[in-house]
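Q:
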Amino acid sequence: MKKAMIIDFHTHIFPDRIAKSTLDFLAGICGVKPYTDATYAGLLSSAKEAGIELCVALPAVTKVSQVESINRFAAQYQEGPILSFGGIHPACENYKEILRHVKELGIKGIKLHPDYQDMYFNDIRYKRLVAYASELGLIISVHAGVDPKCPQDVHCTPQMARELLDEVQPERLVLAHMGGNLIWDEVERELVGRNVFFDTGVVLDHITDEQFLRIVHTHGADKILFATDSPWKGQKNFIKHLSDMPLKQSEKDLIFSGNARRLLGI
């Protein structure tokens, strides 16, 4: 039997010249040791060792002034084993123009990080941005739940996400970290069963197997994306963890790559 393709839907890379300083800064905030050096070469080496055929890199735009350079960097990685999404800041007044440019560059999606963008996810500026990105057919990946940067002030709660889902009704929204990092009881109350994807980035060794399996079965394996949040988690470790779960092979195939391939159109 042919082994199923594996896609990691949530990874990070930085330009070589700033990778070390950026990683040192973020590692200080997260309080963890990274598994790669967060360069293209570092992620590629990790992915090859783990048997991952495609990684989706997600850039976080923290300032309006970063948008152009981040999307220029992302545009270099649209073929091959690492595919980068673009980025945008919700404070960009010309958000429609930026999103059209992202689309024209052939980039398949964007990453939003409400904690680092210092804005709550139910803000009208996010709603407008997500609505237009959806109109363009872009995938929208969002950091959801607790972040080490501001653990007491969550900028994308399940309640905020549900409000946006109700009003905007995006077709390709991905809430990272199983819908809300470390607040999965709220995810189960507010989001399970809704038309939204969850990724497994960083959470497989935090969420209990029991709750993870319950969310997969009640939300649907067809709406779960395998992800690690590399360099913050080991890709080989997460593959083993998911592989060892008592899920049907058809469910694992969807999570490891089937859902991602459908979203990415590959």
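Per my numbering, the sequence shown runs over residues 1 to 266. Ideal Cβ placement from N, Cα and C applies to all residues, glycine included. Since the structure is predicted, the reported quantities are computational estimates derived from the model, not experimental observations.
#1: Assign N195 to buried or exposed, taking buried as 16 or more other Cβ atoms, counted over all protein chains shown, within 10 Å of its Cβ.
#2: So with Cβ pairs under 8 Å, would you call I82 a contact of chain B?
#3: Leaving aside the five residues before and after K96 along the sequence, list all residues of the same chain whose C-beta is less than 8 Å from its C-beta, in chain order.
#4: Using DSSP with H/G/I as helix, E/B as strand and the rest coil, what is I140?
#5: Just the Cα atoms here: how many angstroms apart are G51 and K233?
#6: With three or more beta-carbon pairs closer than 8 Å as the criterion, would you say the region 63-70 touches the region 84-94?
#7: If I follow the unbroken beta strand (DSSP E) through I7, where does it start and stop?
#8: Could you compute how far the alpha carbon of M245 sits from the alpha carbon of D209?
#9: Three-state secondary structure (DSSP) at F25?
#10: With a threshold of 8 Å on Cβ separation, who are the neighbours of M1 within its own chain once the five nearest residues in sequence on each side are excluded?
#11: Grab me the residues of F226's own chain with a C-beta within less than 6 Å of its C-beta, minus the 5 sequence neighbours each way, in chain order.
#12: From C156 to W184, what distance separates their C-alpha atoms?
#13: Please report the residue range of the beta strand (DSSP E) in which V56 lies.
#14: In chain order, what residues of the same chain have a beta carbon less than 8 Å from the beta carbon of E104, not counting five sequence neighbours either side?
#15: DSSP three-state call for N71: helix, strand or coil?
A: Answer, in terms of the structure:
#1: In the sequence shown, counting from the first residue as 1, residue 195 sits at position 195. It is exposed - the Cβ of N195 has fewer than 16 other Cβ atoms within 10 Å.
#2: Of the protein chains in the structure, only one exists, and it is not chain B.
#3: Counting from 1 along the sequence shown, the entry for residue 96 is found at position 96. Y132.
#4: The residue you call residue 140 lines up with position 140 of the sequence shown. Look at I140 here: in three-state DSSP terms it is strand.
#5: Counting from one through the sequence shown, the residue named residue 51 turns up at place 51. Counting from one through the sequence shown, the residue named residue 233 turns up at place 233. Using only the alpha carbons, I get a separation of about 15 Å.
#6: yes
#7: As a working mapping, residue 7 is identified with position 7 in the sequence shown. Here the beta strand (DSSP E) through I7 covers 7-11.
#8: Residue mapping note: residue 245 aligns to position 245 of the sequence shown, counting from 1. Residue mapping note: residue 209 aligns to position 209 of the sequence shown, counting from 1. Near 8 Å, if we compare the C-alpha coordinates of D209 and M245.
#9: One-based indexing of the sequence shown puts residue 25 at position 25. It is helical.
#10: Here the question's residue 1 lines up with position 1 in the sequence shown. Unreliable placement is indicated for M1, whose pLDDT of 38 sits below 50; the coordinate value is still reported in the next sentence. So no residue of the chain qualifies.
#11: Working through the sequence shown from its first residue, we reach residue 226 at position 226. So the list reads T200, I255, F256, once near-sequence residues are dropped.
#12: Translated into the one-based positions of the sequence shown, residue 156 becomes position 156. Translated into the one-based positions of the sequence shown, residue 184 becomes position 184. Their Cα atoms are separated by approximately 13 Å.
#13: Stepping through the sequence shown from its first residue, residue 56 is reached at position 56. Start and end: 54-57.
#14: One-based indexing of the sequence shown puts residue 104 at position 104. So no residue of the chain qualifies.
#15: Position 71 of the sequence shown, counted from the first residue, corresponds to residue 71. In the structure shown, N71 sits in a helix (DSSP, three-state: H, G or I).
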